[in-house]
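Enquirer: Structure provided below as structure tokens; questions to follow.
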């Protein structure tokens, strides 16, 4: 039979030493044999195999199965995304999955999820955590990550919106980048910026480094230096007609009967 040209191509059973002259005959043999009861089926065609190795080899050898979907947690390959996802759900070893919040894909490692987000055109815009190397496809997902992570327990909140950040640098960058926070109130004693005067004043009261303040006698503002107080008085229309007192940290209105002293 092996010498006949008509029988040149044989279909071998990888679980025993039988050979057949057609794929149908081999498949029937596998179904009929009790020794081959457990089969490994190809989800892209109707072939069955008696070992995982044989199935994987079939997938590699078949031009029709050229595109494979690989499991990053084991060495299994599949011919469709659905088959891979089903494998991940069914396998106890892959019980913990890392889900993409922008689509229905699941992955068995954070690295695989991050790679998916970088590779997918649909996830081109990412929201990065400035305290770790995680990326997310929505602001909500990033904020949830920050709330859930013990490592990000301390947050720096924007007082003009509901955003939170894991560092002061990130918060300050957010304030500079956001059109809604274009007007900032800067602390002249450090490099902090705030979106309201109240927030700046609270910062000055709370900071030990800003304990000495120079108070404006014409309003309730406090400044951290005499220069800043003088600049404040010159810049404020409400304080336009004032003169500086030599005593540090005070300003007085002109006494009745005195002529105005123009500020220089």
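In the UniProt record's numbering, the protein residues as written are 1 to 264. Glycine is no exception: its CB is placed at the ideal position from the N, C-alpha and C atoms.
1) Between the beta-carbon of residue 167 and the beta-carbon of residue 122, is there less than 8 Å?
2) Below 8 Å on the Cβ atoms is my guess for residue 52 versus residue 40; work out the distance and round it to an integer in Å.
3) If I'm right that residue 84 touches residue 100 with Cβ under 8 Å, what's the distance once you round it to whole angstroms?
4) Rounded to whole angstroms, how far is the Cβ of residue 214 from the Cβ of residue 222, which I believe are closer than 8 Å?
5) For residue 212, I'd like the list of residues in its chain whose CB is within less than 8 Å of its CB, leaving aside the five on either flank, ordered along the chain.
6) Would you mind working out which of 23, 15, 21 and 20 sits nearest residue 35, comparing C-alpha positions?
7) Three or more C-beta pairs under 8 Å: does that hold for the segment 42 to 52 against the segment 9 to 23?
8) Could you check the C-alpha separation between residue 204 and residue 159 for me, to the nearest Å?
9) Does the beta-carbon of residue 129 have 16 or more other beta-carbons within 10 angstroms, so that it is buried, or is it exposed?
10) In whole angstroms, what is the alpha-carbon distance linking residue 232 and residue 169?
11) I need the DSSP call for residue 148, collapsed to helix, strand or coil.
12) In three-state DSSP terms, what is residue 14?
13) To the nearest angstrom, how far is the alpha carbon of residue 228 from that of residue 197?
Expert: Well, looking at it:
1) Position 167 of the chain shown, counted from the first residue, corresponds to residue 167. Position 122 of the chain shown, counted from the first residue, corresponds to residue 122. No, these two residues do not count as a Cβ contact at 8 Å.
2) Taking the first residue of the chain shown as 1, we reach residue 52 at position 52. Taking the first residue of the chain shown as 1, we reach residue 40 at position 40. The pair is a contact, with the Cβ atoms about 5 Å apart (cut-off 8 Å).
3) Residue 84 sits at position 84 when you count from the first residue of the chain shown. Residue 100 sits at position 100 when you count from the first residue of the chain shown. Residue 84 to residue 100, Cβ: 14 Å. No contact.
4) Numbered from 1 along the chain shown, position 214 holds the residue referred to as residue 214. Numbered from 1 along the chain shown, position 222 holds the residue referred to as residue 222. Right, the Cβ-Cβ distance comes to about 7 Å (below 8 Å), so this counts as a contact.
5) In the chain shown, residue 212 corresponds to position 212, counting from 1. Around residue 212: 224.
6) Counting from 1 along the chain shown, the entry for residue 35 is found at position 35. When only C-alpha atoms are compared, the closest one is 15.
7) yes
8) Counted from its first residue, the chain shown places residue 204 at position 204. Counted from its first residue, the chain shown places residue 159 at position 159. About 15 Å.
9) Working through the chain shown from its first residue, we reach residue 129 at position 129. Flag for residue 129 reads buried.
10) What you label residue 232 is simply residue 232 of the chain shown in a count that begins at 1. What you label residue 169 is simply residue 169 of the chain shown in a count that begins at 1. Spanning the two alpha carbons is a distance of roughly 26 Å.
11) Within the chain shown, the letter at position 148 stands for residue 148. Helix at residue 148.
12) In the chain shown, the residue the question calls residue 14 occupies position 14. In this structure, residue 14 counts as coil in the three-state DSSP scheme.
13) Counting from 1 along the chain shown, the entry for residue 228 is found at position 228. Counting from 1 along the chain shown, the entry for residue 197 is found at position 197. When rounded, the distance between both Cα atoms is 15 Å.
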